[in-house]
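Novice: Dropping a structure here in C-alpha cells format, bear with me for questions.
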Amino acid sequence: MTDALPDNTGYVAAAYLVFFALVLIYVIIMAAKLQRFERELSELNDLADERLLADDRDSADDFEAVRR
Amino acid sequence: MLYGTRLRALAIATAVTLTAGFGLAFFYAPMDADQGFMQKIFYVHVPMAIVTLGGFVFAGIMAIKHLRTREAKYDLRAYVAIHLSLVLGAGVLITGSIWAKASWGHWWVWEEPTLVSYLVVFLLYATYQPLRFSIEDPERQARYASVFAVIAGAFVPLNFLAVRLAETYTHPRVFATSDGGLPAKMQFPFLVCLIGMAALFVTLWKYEMASKHTSSQLRSLRRKLAGDDAVAPQGRSAAPSLGTSS
Amino acid sequence: MKAAVDALLRKELRLELRAPQAVPAMALFSVTTLVVFHFALQRGQVEGDLASGVLWVTLLFAAMLGTSRLFVADHEEGGLDGFLLAPVDRTALLVAKALAMFAFLAIVELVAVPAFALLLLGPTPDASALAQLVLVLALADAGVAVTGTLVAALAVQTRARDLLVPLLALPLLMPVVIAAAKGTTPLLAAAGTGDVGARWLVILGLYDLVFGLIAYAVFDFLVED
C-alpha cells in the first residue's frame, strides 16, 4: 500500500463500519422480533392445549352423564 | 404466500458474495491514481446507493400493482421496500459524507451531483411514514401511500437528471470514478459488490416481510383460539396490516 | 370534460374573487419575505445568482402558502362530495385546480416581481430579459401548479395537512427550483444580461410534461371514496 494508508485508513474503515453497523442493527431487531414470536407461539400453544383438555373433559362429562 | 422460503440459502449467498466483493475491492482492485486508498469507499457507497434507488423503483411498481388490484400484500411489499431503502439510504449519505470529508476536507460537498440528488430523494421518501401515520383510515392510508410511492418513483430519474445538468459546467466531479469510466480491474470487484448488495437487500426485505406475515398470522391465530377480546386493538399505525385473509 | 373544467375553473376563480383569501395573502407574504431578505442578507441590492435565488425562494414559499389551502374548502364544506356525485371525469378537478393555482401564481407574481425589482433588484432588466423572465415564470408556475395540486389533494385528507404540504412539495419541486434559478441568473445579472440557457427551459418543460402525465394517471385514486 502507498503513503495514503496512514491518512485515509480511518475514513475507509469508518465507512465500512457504518455499513456493517446498519446490517447488525437489522439482525438485532430481527432477533428481538423472533423472541417475541417464540413467546407468543408458546402461549398460543398452551392455549390450544387448554382448549383440547377442556374439550376432553366436556366430552368425558357427557359420556359420564350418558352412562349414568 | 410464504416469504421465508429459501431465505437461508439467500442469506448465505449474500454473505459469500459480499465478502468476496469486499475482498476483491481491497486485495485485487488497483489503487486509484487520484484518490488513493480512500477510493475504496466507492465499493460500499455506490452499490448501496444503486440498490436503494432500485428499492424505491421496486416500491413504485408494487404501488402501481396495489392501486390496480387493491390487495394489501402489494402495499406491504412497497412499505417494507421503502423502509429498507431509507435505512440503507441513511448509510449512503453517511458513507458519502465520510468520502467527501476524506477527499475534499468538508463533511458535505455540493459539487457532487449524485450525492445531492440522493439527498433530495431521501428527504422526499422520509415523508412517506409521516404521511401514512397522518391518515387514520387504513384503506385510504394504503391508497394514498401507493399514490405517493408512484409519484416519488417517477420523480427519482427526473431529479437526478436535473441536478446532473445543473452542476456539470460549474464544478468538476469529486467522485470521478463513479462515472463508469472504470478500468476493468475495478469493474469486476464493483460488480461483485453490487450483486452482493442487491442480494443483501432482497434478504433483508424477505426477512422483514416474513416477520410481518408471521405477526399477522399470530394475531389471527390468537383471535381464533382465544376470541376477539384477547387480541389488543391495533391502534393508529403507519405500517400496513395484512389482515387475517392472507 | 372541457365543459366540466370550465365550470370548475370558473367556480374557483369566482370564489376567490368574492372572498379573496389565498391571493392577497400570498402577495403580501411575498412582499414581506422580500423585506426579510433585505435584513437577513444585510444588503440593499442583489444581482445575478443572488437575485435569482431571492426571487425564487420568495415565490416558492408564497406558493406553499397557497397550496395548503387549495382543497380545504372543498373538503370541509362538502364540495368534494358534490363533485364526486357528478357524472364527470375526475381529472377535470385536477385540471381546474391546477389552472386556478396557475392563475393565482400569475397574479401574485404581478405584485411580487415588480416589488422585487423595486426593493432589491440592482440592475434593471431590458425588454428581452423581461420577456425571457416571463417565459421562465410561466414554465415554472405550471410545474408548481401541477405538483402543488397533487400534493394538496394528497394532504387534504390527512391530519397534519399544513405541515405535510411543504414537506412533500419542496423535494418534488427541487428540479423546478434548480432550473428556474439557474435560468433566471443571467437575466438578472448586472454586467450585461445574457440569455436563458436552453437546457433550463428544457428541464422545466420536461418536468411539466412528466408531472402532468403522472398527475393525470394518479389523480383518480386520490379523490375516489
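Residue numbers (my numbering), protein chains in the order written: chain A, 40 to 107; chain B, 1489 to 1734; chain F, 205 to 429. We put the CB at the ideal spot given by N, CA and C, even for glycine. Just so you know, these numbers come straight off a predicted model, no measurement behind them.
(1) Suppose only complete runs of 4+ residues qualify. What are the alpha helix (DSSP H) ranges in the segment 1595-1676 of chain B, listed by chain order?
(2) Hey, quick one: how far does the alpha helix (DSSP H) through proline 224/F stretch, first residue to last?
(3) To the nearest angstrom, how far is the alpha carbon of alanine 1501/B from that of leucine 1692/B?
(4) Can a CB atom of chain B be found closer than 8 Å to the CB of arginine 90/A?
(5) Would DSSP call glycine 1524/B helix, strand or coil?
(6) Ordered along the chain, which non-local residues of its own chain (more than five positions away) have a Cβ less than 8 Å from that of histidine 1533/B?
(7) Distance, Cα to Cα, alanine 1503/B vs glycine 1509/B?
(8) DSSP on serine 1733/B, reduced to helix/strand/coil?
(9) In chain order, what residues of the same chain lie with their CB nearer than 6 Å to the CB of lysine 386/F, ignoring the 5 residues before and after it?
(10) Enumerate in chain order the residues of its own chain whose CB-to-CB distance from aspartate 345/F is below 6 Å, with the five nearest sequence positions on each side excluded.
(11) Taking a Cβ distance cut-off of 8 Å, strictly less, list which residues of the segment 1594-1628 of chain B are near chain F, in chain order.
(12) Counting only Cβ pairs nearer than 9 Å, list the residues of chain B close to alanine 331/F.
(13) If you follow the alpha helix (DSSP H) that isoleucine 1500/B is in, where does it begin and where does it stop?
(14) So, for leucine 213/F: in the same chain, excluding its five sequence neighbours on each side, which residues have a beta-carbon less than 7 Å away from its beta-carbon?
(15) Around the C-beta of isoleucine 1529/B, are 16 or more other C-beta atoms found within 10 angstroms, so that it is buried, or is it exposed?
(16) Does DSSP put valine 62/A in a helix, a strand or coil?
(17) Could you please give the first and the last residue of the uninterrupted alpha helix (DSSP H) stretch that includes glutamate 280/F?
(18) Which same chain residues end up closer than 8 Å to tyrosine 1613/B when comparing Cβ atoms and leaving out the 5 residues on each side of it in sequence?
(19) Using the beta-carbon count (16 or more within 10 Å), is tyrosine 1562/B buried or exposed?
(20) Identify the contact partners of leucine 1692/B in chain A, using a Cβ-Cβ distance below 7 Å as the criterion.
(21) Kindly identify the DSSP beta-bridge partner or partners of leucine 325/F.
(22) Quick check on leucine 413/F: does DSSP put it in helix, strand or coil?
(23) Given that alanine 93/A touches chain B, what residues does it touch there, using C-beta distances under 7 Å?
(24) By how many angstroms is the C-alpha of methionine 1526/B removed from the C-alpha of valine 1662/B?
(25) Residue ranges of each alpha helix (DSSP H) run of no fewer than 4 residues wholly in the segment 283-363 of chain F, ordered along the chain?
(26) For chain F, is any of its Cβ atoms less than 8 Å away from the one on histidine 1659/B?
(27) Counting only beta-carbon separations shorter than 8 Å, does tyrosine 420/F have a partner in chain B?
(28) Do you know offhand how far phenylalanine 58/A's Cα is from phenylalanine 1610/B's?
(29) Per DSSP, what kind of secondary structure is valine 380/F in: helix, strand or coil?
(30) Can you give the Cα-Cα distance for phenylalanine 287/F and phenylalanine 233/F, rounded to whole angstroms?
(31) DSSP three-state label for tyrosine 1491/B, please.
(32) According to DSSP, is threonine 388/F helix, strand or coil?
(33) How big is the Cα-Cα spacing for valine 235/F and arginine 1558/B?
(34) Taking the Cβ atom as the reference point for each residue, do valine 1630/B and proline 1728/B lie within a distance shorter than 8 Å?
(35) Looking only at its own chain, which residues have a Cβ that is under 7 Å from the Cβ of alanine 1634/B, when we skip the five neighbours before and after it?
(36) Could you check the C-alpha separation between leucine 1541/B and alanine 1642/B for me, to the nearest Å?
Specialist: The structure says:
(1) 1601-1613, 1616-1621, 1626-1655
(2) Careful: proline 224/F lies outside any alpha helix (DSSP H) and carries neither H nor E.
(3) 13 Å
(4) yes
(5) strand
(6) Val1580, Thr1583, Gly1584, Trp1587
(7) 10 Å
(8) Low local confidence applies: a pLDDT of 38 at serine 1733/B is under 50, so the model's placement there is unreliable, with the coordinate-based value given in what follows. Residue state, collapsed to three classes: coil.
(9) Trp404
(10) Phe306, Leu309
(11) Val1608, Val1609, Leu1611, Leu1612, Thr1615, Pro1618, Leu1619, Ser1622, Ile1623, Glu1624, Arg1628
(12) Near alanine 331/F there are no residues of chain B at all, since even the closest Cβ is about 28 Å away, more than 9 Å.
(13) 1495-1515
(14) Ala300, Leu303, Ala304
(15) buried
(16) helix
(17) 276-281
(18) Phe1544, Ile1570, Ser1573, Leu1574, Gly1577, Ala1640
(19) buried
(20) Tyr65
(21) Val250/F
(22) helix
(23) The premise fails here: alanine 93/A is roughly 12 Å from chain B at the closest Cβ pair, so nothing lies under 7 Å.
(24) Here valine 1662/B scores only 48 on pLDDT, less than 50, and its place in the model should not be relied on; the value that follows carries that caveat. In a straight line, the C-alpha of valine 1662/B is about 12 Å away from that of methionine 1526/B.
(25) 283-289, 295-323, 331-359
(26) Because histidine 1659/B sits at a pLDDT of 47, beneath the cut-off of 50, its placement in the model cannot be relied upon, and the following sentence gives the value as read from the coordinates. Histidine 1659/B does not count as touching chain F.
(27) no
(28) 17 Å
(29) helix
(30) 31 Å
(31) coil
(32) helix
(33) 47 Å
(34) The residue you asked about is not valine; residue 1630/B is alanine in the sequence shown. Result yes, Cβ atoms of alanine 1630/B and proline 1728/B sit closer than 8 Å.
(35) As written in the sequence, residue 1634/B is serine, which differs from the alanine given in the question. Correct list, in chain order: Ala1551, His1554, Leu1555, Asp1563, Ala1566.
(36) 11 Å
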